[in-house]
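Visitor: Using the numbering used here, read the sequence shown as starting at 283 and increasing by one per residue.
Each residue gets a CB set at the ideal place from its N, CA and C atoms; glycine is no exception.
Below are the structure tokens for one structure; questions will follow.
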Amino acid sequence: MKKYCFTAFLAAILFLTAPATLWAADKVPDRQDIAPQYQWHLQDIYASDAQWQQDYDKLKSQLPQLATYQGKLGASPQLLLQCLKQRDQMSITLGRLYSYAKMHRDENTANAAYQALTDKAASLGSAYMASASFIEPELLALSPKTIPAFLRQEPALKEYSRYLQNLLRQRQHILTPAEESLLSQVSEIAQSPENTFDMLTNADLRFPAITDSQGNTLPLSEGKYRAYMSFDDRQLRQNAYLTLYQTYAQYRNTLASTLNGNIKSSHFFASARKYPSTLAASLDNDNIPVAVYDNVITTVKQNLAPLHRYAAFKKTALGLDEFHLYDASAPVTTQKAQSPYTYEEACQLVQTALEPLGSEYNTVLKQGLSSGWVDVYENQGKQSGAYSWGAYGTHPFVLLNYEGTYDSVSTLAHELGHSMHTYYSYANQPFTTSDYSLFCAEVASQTNEILLVEYMLKHTQDTAVRKHLLEQYLDTILGSVYRQTQFAEFEKIVHERTAKGDALTADDFDAIWHDLNVQYWGPDAVLDKVSDVGWSRIPHFYRNFYVYQYATGYAAATALSEQILRGGEPARQKYLQFLKSGSSDDPLQLLRQAGVDMTTPLPLEITLQKFSRLLDELERLN
């Protein structure tokens, strides 16, 4: 089922890896202190809040028009086309309304005005979905021969052929018009756990200041925490880790409640739609077999030995009596690739590294970097992490919390990968197939990351710098494949236990998380008690069964980047065609056409073998 609301691709980076250098600023600046050239141009969506309100009022007044089609969709292919076109236009407008409000809110999550606009847009979205909820049940009530006949009779309906074919495929999960309307009406309520988590962790949660080994007092935020984790000052890493996790631990019961609420909400919707599980429900929209998800967990768990070896290597190389999780991203070498990078240097480096993708790609990329696509620096109240987001009919946008390190440069490349995927898809697909699948969403971003690090390795002659880059490469695979698979397994466990009727408490979540940490990190890792609350700070758990796609995406990207670097123009054209394809075919098929088969363990095995080889080289150099 196509979700005709809030078209977006959000990819917040939750890697264990992190920036290795911090800006000299002693506090997080306020929004008004960020120079305009480092702020995104949301005025490209709406010139003003007043213009936003005009579109809001217009769309709200138009919603009853959809009802005029109710009971008539089988009358003629032309009438069906009119209805779908009107629905599309409403959805496009709604996407613009929501993205403008939400991205303004993300500039400062404590801004009450944009919290209100975001809530208004979400409420309008629920009303829109309720108004359109009759369409799919009515189409499915038609004779099985009607839709194929309409497609033959009206050429303009070809634009909707994939949507209609998917609808027929999911026939058993579409409910009656009354039931669909009811589910639409409760959809806003179902967002409450995620909204509460977001407000608590981004707007209300404050972390105490910390000290380094020299006694210097430093601020702590999610963005700063990720930076501190790659500092060679172990006292700083330990203080940052323990303080951040202890702060989350103070709210573990509240956060257990929000996570439980999200899981139970997901179970309700999956059950209502007659899916055997929340996992099956989450994968079905992209037509991904549950076996693909299970294959990720199985394949990675069969290849944990390199990760265990990495923990042992870090313990030895750092001269530690005990390896703790706050040592995982600690640098073995103090020689960096370059640190810090100005944002301008980062942009130039990314463009150069991505030249194998061709002049057309790089021309668009350069234009985007110079025309307000990116919101660069952290400020008070800003949404943590990083993401790319777009609304059909506008250029994509990137939210960063740029720290000036190589990891920050890699994050920029990552999010620009999403944005270029969005740009190409929007430019080459009609709205109905412009929304590339979540399964494909991480491929373009991680391809960019790999091309960047491969460029860096190719162009360095310095052994110490090479060691640093190898560390970064290893940590990226660790974060993208091993870590995200651990997250994916946690999700599977807690959803399955909820389905069995277990009432999961914070203690239960802690125990599950602890057990997985033991399995994934191996015998050389000493787990601090506070590490058990790691589950409480992961926003992706509120987007059901999303994180496994970081692992599949990275594996696909590994294969594709090698083809691009070695295969020349044919491989490049196949890749660009993949970017342009949106959701015009099933994601597994689109990836097959690009050159990789994700139904097999092979891409993941190749990626983890690469992790082992990179570790071999790092051990030799060390």
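Taking one C-beta from the stretch 766–776 and one from the stretch 568–583 each time, how about it: are there three or more such pairs within less than 8 Å?
Guide: The answer is yes - the stretch 568–583 touches the stretch 766–776, with three or more Cβ pairs under 8 Å.
Visitor: Less than 8 Å between the CB atoms is what I'm expecting for N683 and A695, so what's the real figure, rounded?
Guide: The Cβ separation is near 15 Å, so there is no contact.
Visitor: Can you say whether E389 is buried or exposed, counting buried as having 16 or more other CB atoms within 10 angstroms of its CB?
Guide: Buried, because 16 or more other Cβ atoms sit within 10 Å of the Cβ of E389.
Visitor: So if DSSP puts L500 in a beta bridge, which residue, or which two residues, is it bridged to?
Guide: L500 is bridged to I492.
Visitor: Does DSSP put T303 in a helix, a strand or coil?
Guide: Low per-residue confidence applies at T303: pLDDT is 34, beneath 50, and the placement is therefore not dependable, though the value from the model is reported in the following sentence. Three-state DSSP puts T303 in coil, outside helix and strand.
Visitor: With which residues is D657 paired in a DSSP beta bridge?
Guide: Bridge partners of D657: L681.
Visitor: What residues are listed by DSSP as bridge partners for V808?
Guide: Its beta-bridge partners are H606.
Visitor: Counting Cβ pairs closer than 8 Å, one from the stretch 721–737 and one from the stretch 700–710, do we hit at least three?
Guide: These segments touch.
Visitor: How many Å lie between S443 and L433 at the Cα?
Guide: For S443 and L433, the distance between alpha carbons rounds to 7 Å.
Visitor: If you drop the 5 nearest sequence neighbours on each side, which residues of the same chain put their C-beta closer than 6 Å to that of T540?
Guide: These residues qualify, in order along the chain: P475, T478, F479.
Visitor: Could you please give me the residues that DSSP links to S670 through a beta bridge?
Guide: In the DSSP output, where bridge partners are listed per residue, S670 has V680.
Visitor: Grouping DSSP H, G and I as helix and E and B as strand, with all else coil, what is S564?
Guide: If DSSP states are grouped into helix, strand and coil, S564 belongs with the helices.
Visitor: By the DSSP assignment, the alpha helix (DSSP H) with V572 in it spans what residues?
Guide: Start and end: 572–583.
Visitor: Where do the N-terminal and C-terminal ends of the alpha helix (DSSP H) with Q728 fall, by residue?
Guide: Residues 720–740.
Visitor: Give every residue of the same chain whose Cβ lies closer than 7 Å to the Cβ of T889, excluding the five residues on either side of it in the sequence, and list them in chain order.
Guide: I759, V763, Y836, A837, T840.
Visitor: Closer than 8 Å by C-beta to R748: which residues in its own chain qualify, once you throw out the five before and the five after it? Chain order, please.
Guide: Taken in chain order, the residues that qualify are L739, T742, L903.
Visitor: If you draw a straight line from the alpha carbon of A807 to that of L502, how long is it in whole angstroms?
Guide: So the alpha carbons of these two residues sit roughly 25 Å apart.
Visitor: Can you list, in chain order, the residues of its chain whose CB lies under 6 Å from that of K862, leaving out five sequence neighbours each side?
Guide: Once the five neighbours on either side are set aside, the close Cβ partners of K862 are Y706, N710.
Visitor: Within the continuous alpha helix (DSSP H) that includes W334, where are the two ends?
Guide: Segment 331–344, the alpha helix (DSSP H) holding W334.
Visitor: At a cut of 8 Å, does the stretch 536–551 reach the stretch 786–793 through at least three beta carbon pairs?
Guide: With the cut-off at 8 Å, the stretch 536–551 and the stretch 786–793 touch.
Visitor: Okay, do the stretch 883–898 and the stretch 664–679 touch, 3+ Cβ pairs below 8 Å being the bar?
Guide: At 8 Å Cβ cutoff, the stretches do not touch.
Visitor: Between L304 and Q859, what straight-line distance do the alpha-carbon atoms span, to the nearest angstrom?
Guide: Reliability fails at L304, whose pLDDT of 38 lies under 50, so the model's placement of it is uncertain and the value that follows must be treated cautiously. Between L304 and Q859, the C-alpha separation is close to 39 Å.
Visitor: For my contact list, I794 and I820 are in at a C-beta cut-off of 8 Å; report their separation, rounded to the angstrom.
Guide: Not confirmed; about 13 Å, so no contact.
Visitor: Starting from K749, trace the alpha helix (DSSP H) both ways and give me its first and last residue.
Guide: Looking at the DSSP string, the run of the alpha helix (DSSP H) that includes K749 is 745–759.
Visitor: Pick out whichever of K546, T745, E736 has its Cα sitting closest to the Cα of Y755.
Guide: When each option's Cα is compared against that of Y755, the closest is E736.
Visitor: Which runs of the alpha helix (DSSP H), 4 residues or longer, sit entirely within the stretch 772–818?
Guide: Runs of the alpha helix (DSSP H) inside the stretch 772–818: 788–803.
Visitor: Below 8 Å on the Cβ atoms is my guess for Y625 versus Y320; work out the distance and round it to an integer in Å.
Guide: 7 Å between Cβ atoms; contact.
Visitor: For the putative contact between A448 and Y824, defined by C-beta atoms under 8 Å, what is the C-beta separation to the nearest angstrom?
Guide: Sequence check: residue 448 is Asn here, not Ala. Actually they are not in contact, since the Cβ atoms of N448 and Y824 sit about 25 Å apart, beyond 8 Å.
Visitor: For K596, is the classification buried or exposed, using 16 other Cβ atoms within 10 angstroms of its Cβ as the cut-off for buried?
Guide: Burial call: buried.
Visitor: Would you call the stretch 339–357 in contact with the stretch 406–417, where contact means no fewer than 3 C-beta pairs closer than 8 Å?
Guide: Result yes; three or more Cβ-Cβ pairs closer than 8 Å.
Visitor: Give the secondary structure of T889 by DSSP, where H, G and I count as helix, E and B as strand, and everything else as coil.
Guide: It is helical.
Visitor: Three or more C-beta pairs under 8 Å: does that hold for the stretch 607–616 against the stretch 500–515?
Guide: Flag = yes, the stretch 607–616 and the stretch 500–515 touch.
Visitor: Leaving out five residues on either side along the sequence, give the residues of the same chain with a beta carbon under 6 Å from the beta carbon of Y830.
Guide: Hits under 6 Å: Y575, V578, A770.
Visitor: If you drop the 5 nearest sequence neighbours on each side, which residues of the same chain put their C-beta closer than 7 Å to that of E604?
Guide: Excluding positions up to five away in sequence, the list reads V808.
Visitor: Please report the distance separating the alpha-carbon of G816 from that of Y527.
Guide: Spanning the two alpha carbons is a distance of roughly 7 Å.
Visitor: My output table needs one value for L379: the three-state DSSP class, helix, strand or coil.
Guide: Of the three classes helix, strand and coil, the one that applies to L379 here is helix, per DSSP.
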